[in-house]
Amino acid sequence: MTNEQERKTILVLGGTGKTGRRVVERLRGRGVPVRVGSRSAGQPFDWTDRTTWAPVLRDVGAVYVSFYPDLAVPGAPETIGAFADLAVASGVDRLVLLSGRGEEEAQAAEKLIQSSGVEWTILRSSWFSQNFSEDYLREPVLGGEVVLPVGTVPEPFVDADDIAEVAVAALTEGGHAGQLHELTGPRLLTFADAVGEIARAAGRRIDFVSVSVEEYTGALAVEGVPVEVVELLTYLFTSVLDGRNAQVADGVQRALGRPPRDFADFAKDAAATGVWDRA
Ligand SMILES: NC(=O)c1ccc[n+]([C@@H]2O[C@H](COP(=O)([O-])OP(=O)(O)OC[C@H]3O[C@@H](n4cnc5c(N)ncnc54)[C@H](OP(=O)(O)O)[C@@H]3O)[C@@H](O)[C@H]2O)c1
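In my numbering, the protein residues as written are 1 to 279.
This is the structure:
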């Protein structure tokens, strides 16, 4: 890190989310000035309200760009492109984008970051292990039954701690500019395998049930889940899980010089925090 970069604030978008809060913790641990970019931050940032963008970019040298809800949603690339333009105009000289594998819209967003004119790093990541402990798959785990429209297509779940560690390296160190790091875990697991690992770690029975897309979306609609969320989940569980991502990549090893964390270790550590204990 140059002296100039040491002085400048790093903006972490989604800084209270699964990867962002881990990036914030690590940067603060290194004594780097950090600004959290989210709707609930002291200086609120909202992707849907462009008047909130310029204030959080003031005196910022680098940005961790974690979009919400998902880079796969229509219009996401245009929003990322507009944000990158403003960031560069505001003096930002390094952009680190959290992206997804096998998603057309996400890859379009990557291209806009790559052509922004400043140093860039892309973290093209597989499904996060923490979706089971900190997001929408936690409730089904607690309920003892995970029902999803996926069969035996395997996914190399990646640990959000690994993503955060690579992000911090890309934000603060040399050697990552112009790099596309494809970040996955060390092995492929089906969703049934993943739920089995969680059941073992939590010490109780949790069933995995594979259903059709129609059954799944029908159940979500009955629960009152908004239509755009149903569409996004359907896309993620069908197109993105059609086998296109069923291979591990070496991004964590290349970026950090060590292998990625295994899903079993994630499950053991998450279980120890009590996150899957029934009340
Ligand atoms: N989850 C996965 O398995 C996965 C895999 C690959 C790539 N990705 C990518 O990772 C990114 C983040 O997804 P995630 O699932 O990990 O979510 P997440 O980071 O856990 O999402 C929550 C974060 O977004 C903020 N947020 C929510 N709505 C916002 C808005 N309108 N404007 C600004 N900030 C907002 C939240 O803070 P506030 O509530 O305070 O606003 C919080 O910091 C997505 O772009 C997705 O494509 C996810």
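Cβ atoms here follow ideal geometry from the backbone N, Cα and C, with glycine treated the same way.
In its chain, beyond the 5 residues on either side, 43 have a beta carbon closer than 6 Å to the beta carbon of residue 55. Between residue 9 and residue 59, the C-beta gap is smaller than 8 Å, which places the two residues in contact.
Taking 7 Å as the cut-off, the C-beta of residue 162 does not count as close to any heavy atom of ligand 1.
Taking a cut-off of 8 Å on C-beta distances, the region 219–227 does not touch the region 183–200, as fewer than three cross pairs fall below it. Between the alpha carbons of residue 111 and residue 205 lies a distance of about 44 Å.
In this structure, residue 117 and residue 88 form a Cβ contact; the two beta carbons are roughly 6 Å apart against a cut-off of 8 Å. Where residue 22 is concerned, there is no enclosing beta strand (DSSP E), although the alpha helix (DSSP H) around it starts and stops at 20–29. Distance between residue 27 and residue 146, taken at the CA atoms: about 35 Å. Shortest Cα-Cα distance from residue 124 to any of 49, 41, 180 and 16 involves 180. Closer than 7 Å to some heavy atom of ligand 1: that describes the Cβ of residue 39. When DSSP reads this structure, residue 94 sits in a beta bridge with 62 and 119.
Judged by their CB atoms, residue 73 and residue 37 are not nearer to each other than the 8 Å cut-off.
Shortest gap from the CB of residue 235 to any heavy atom of ligand 1: 7 Å or more. At a cut-off of 7 Å, the beta-carbon of residue 127 counts as near ligand 1: some heavy atom of the ligand is closer than that. Relative to ligand 1, the nearest heavy atom lies less than 7 Å away from the CB of residue 71. Assignment of residue 141 by DSSP, reduced to helix, strand and coil, places it in the helix class. In the DSSP assignment, residue 179 is bridged to 121. In the three-state scheme derived from DSSP, where H, G and I count as helix and E and B as strand, residue 35 is classed as strand. Between residue 189 and residue 237, the C-beta spacing is not below 8 Å.
Taking 7 Å as the cut-off, the C-beta of residue 85 does not count as close to any heavy atom of ligand 1. Per DSSP, reduced to three states, the secondary structure at residue 157 is coil, with no helix or strand assignment.
It is roughly 31 Å from the alpha-carbon of residue 159 to the alpha-carbon of residue 52. Distance check between residue 214 and each of 120, 149 and 143 places 149 closest, using alpha-carbon atoms only. Excluding the 5 residues flanking it on each side, residue 241 has same chain C-beta neighbours closer than 6 Å at 150 and 153, in chain order.
Selection 98, 35 and 218 evaluated against residue 127 yields 98 as nearest (Cα-Cα). Looking at the DSSP output, residue 262 shares a beta bridge with no other residue. Note that the C-beta distance between residue 172 and residue 32 is below 8 Å.
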